[in-house]
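Below you'll find the structure, written out as structure tokens, and then a few comments.
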Amino acid sequence: MPVPAPAPTPIASTGSYREASVGIPVGPLTYLNSLGSEGFTPVRTWQVNSRGVMADAFMLAKDSARPDARLQFRVVQRPAPEAMLALLNAQGAAGFAYKTVSRYVRDDIGDSSGVFFVADLSRRATYGYETLPAGSPIAKEAFLSQLNAQGARGFRFSGFYGFVSPPGAHLYSKASDSSATYAYTFEAGEFANDADMLQRLNAQGATGLLYRGRFAVDDARTFVQVYEKSSLQAGALEYRVETPRQAPAGSLSPLAFVTATVGQANDMGAQGFFYLAQAEGPLVFSSVYVKNAVVGGLPAWDLPLR
59 MPVPAPAPTP IASTGSYREA SVGIPVGPLT YLNSLGSEGF TPVRTWQVNS RGVMADAFML
119 AKDSARPDAR LQFRVVQRPA PEAMLALLNA QGAAGFAYKT VSRYVRDDIG DSSGVFFVAD
179 LSRRATYGYE TLPAGSPIAK EAFLSQLNAQ GARGFRFSGF YGFVSPPGAH LYSKASDSSA
239 TYAYTFEAGE FANDADMLQR LNAQGATGLL YRGRFAVDDA RTFVQVYEKS SLQAGALEYR
299 VETPRQAPAG SLSPLAFVTA TVGQANDMGA QGFFYLAQAE GPLVFSSVYV KNAVVGGLPA
359 WDLPLR
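Per our numbering, residue 59 is the first one in the sequence shown, and the count goes up by one each step.
Here it is, written out as structure tokens:
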């Protein structure tokens, strides 16, 4: 009998990155929406002073595994904290996922800070949001129990936020088109340096765990590293920890660092590593990239910017 042909090798997911600086007096959403129409979604933001005008600078990513993605952005005036959750759910029901609160990205909302949302028009998902108390801070075991109870219902941890009611709440989100559930685990202790961080991240990544960041628990002087496992994750994750690329010597542009960061992200994206987060802690200052995350390369499309 003839030997069956081997299965084709999957095309590796790669990423490409762009930057955008928007603020007053620029029409804030015009350029972002032009990038969104090409499939670029924001993954990091900075506040910068450009020619005496404060602005939000964004790094946006495009995933080769999602060539049909078409993003649309909107900004809504930020309400009082007790009305914030209702706003998130109203926008989520319209297909817009929460991304960040911005002082400088505005769309006919006057001088108030705006709430920034993004929708993938090719995906047609809706989003639901819930908040739970975060404590001052929360006890470690109570936090882990809360994360896993929400994750078992398909609600993914979005982070700690002070703009919702009650003040200092944990925000959770759920996408209508995802069957994923989430399990969480903690790792104690700070990272000693970048090498220690890389070793520990890859040890957790070998079991499919996505790094979600460093959070205070118990007495506010104790920190845990939080990891997340999606039920849809197949295989191991691989991490890279990279020293941020510096702006060219002598550069006076406030966006030079952003440009350098985007250049580094493009180099990493070409290798299949997607920007995940900026390292947090007293001894680590690097950028964290991840490869082989669920749903193409972008590991946090639905998550707010941090």
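Don't be surprised by glycine CBs; every beta carbon is placed ideally from N, CA and C. Remember, predicted model here, so these are calculated numbers, not experimental data.
Contacting residues, own chain, Cβ-Cβ under 7 Å from residue i (five flanking each side not counted)
i	result
residue 263	294, 295, 296 and 297
residue 157	100, 174, 175, 176, 362 and 363
residue 147	186 and 187
residue 239	209, 210, 212 and 289
residue 328	72
residue 166	Since pLDDT at residue 166 reaches only 48, below the 50 mark, its modelled position is unreliable, and the value read off the structure follows with that caveat. Cβ neighbours of residue 166 beyond the five flanking positions: none.
residue 224	191
residue 220	226
residue 126	180
Which of helix, strand or coil DSSP assigns to residue i
i	result
residue 151	helix
residue 73	strand
residue 265	coil
residue 144	helix
residue 88	helix
residue 229	strand
residue 274	strand
residue 351	coil
residue 78	strand
residue 138	coil
residue 238	coil
residue 165	Only weak support exists for where residue 165 lies, its pLDDT of 47 falling under 50; the value from the coordinates is given anyway. Looking at residue 165 - three-state DSSP - the assignment turns out to be coil, as it is neither helix nor strand.
Proximity to residue i [Cα-Cα], best of the options
i	options	result
residue 244	333, 200, 331 and 175	200
residue 227	193, 249 and 316	193
residue 337	278, 253, 327 and 266	253
residue 218	249, 284 and 134	284
residue 272	289, 207 and 340	340
residue 384	325, 155 and 142	Outside the displayed range of the chain (59 to 364) lies residue 384, so it cannot be described from this structure.
residue 313	333, 107, 237 and 122	107
residue 319	119, 113 and 255	119
residue 207	235, 233, 242 and 222	242
residue 366	279, 98 and 171	Since the first and last residues shown for the chain are 59 and 364, residue 366 lies out of range.
residue 122	237, 230, 98 and 301	98
residue 301	326, 286 and 280	326
residue 265	95, 115 and 286	286
residue 231	222, 216 and 142	216
residue 280	303, 236, 261 and 198	198
residue 274	132, 236 and 247	247
Host beta strand (DSSP E) of residue i (start-end)
i	result
residue 288	280-288
residue 204	First-last for residue 204: 198-210, but that is the alpha helix (DSSP H), not the beta strand (DSSP E).
residue 248	Run containing residue 248: none; DSSP gives neither H nor E here.
residue 216	214-219
residue 299	296-300
Nonlocal neighbours in the same chain, by C-beta distance under 8 Å from residue i, ignoring five residues either side
i	result
residue 311	305 and 317
residue 204	190, 196 and 228
residue 92	none
residue 259	269, 297, 299 and 346
residue 152	177 and 184
residue 117	75, 76, 77, 100, 101, 102, 103, 316, 319, 320, 323 and 333
residue 278	194 and 195
residue 84	Reliability fails at residue 84, whose pLDDT of 45 lies under 50, so the model's placement of it is uncertain and the value that follows must be treated cautiously. Hits under 8 Å: 113.
Same chain only: Cβ atoms within 6 Å of residue i, ignoring 5 sequence neighbours per side
i	result
residue 145	137
residue 67	Residue placement at residue 67 cannot be trusted, given a pLDDT of 39 that sits under 50; what the coordinates show is reported in the next sentence. Excluding residues within five positions, none has a Cβ falling inside 6 Å.
residue 89	78
residue 255	249, 299 and 342
residue 352	288, 290 and 291
residue 149	175
residue 267	285 and 287
Near the ligand SAM: residue i beta-carbon under 7 Å from a heavy atom
i	result
residue 122	Here there are no bound small molecules, and the ligand SAM is not part of this structure.
Cβ of residue i within 8 Å of any chain C Cβ
i	result
residue 97	Among the protein chains of the structure shown there is no chain C, as only one such chain exists.
Review point. Where in the stretch 168-195 do unbroken runs of the alpha helix (DSSP H), each at least 4 residues long, occur, reported from the N-terminal end onward?
Key: none
Review point. Can you list, in chain order, the stretches of the alpha helix (DSSP H) that have 4 or more residues and sit fully within the stretch 303-346?
Key: 314-328
Exercise for review: Could I get the ranges of all uninterrupted beta strand (DSSP E) runs contained in the stretch 92-136, with 3 residues as the minimum, in chain order?
Suggested key: 99-108, 111-121 and 129-135
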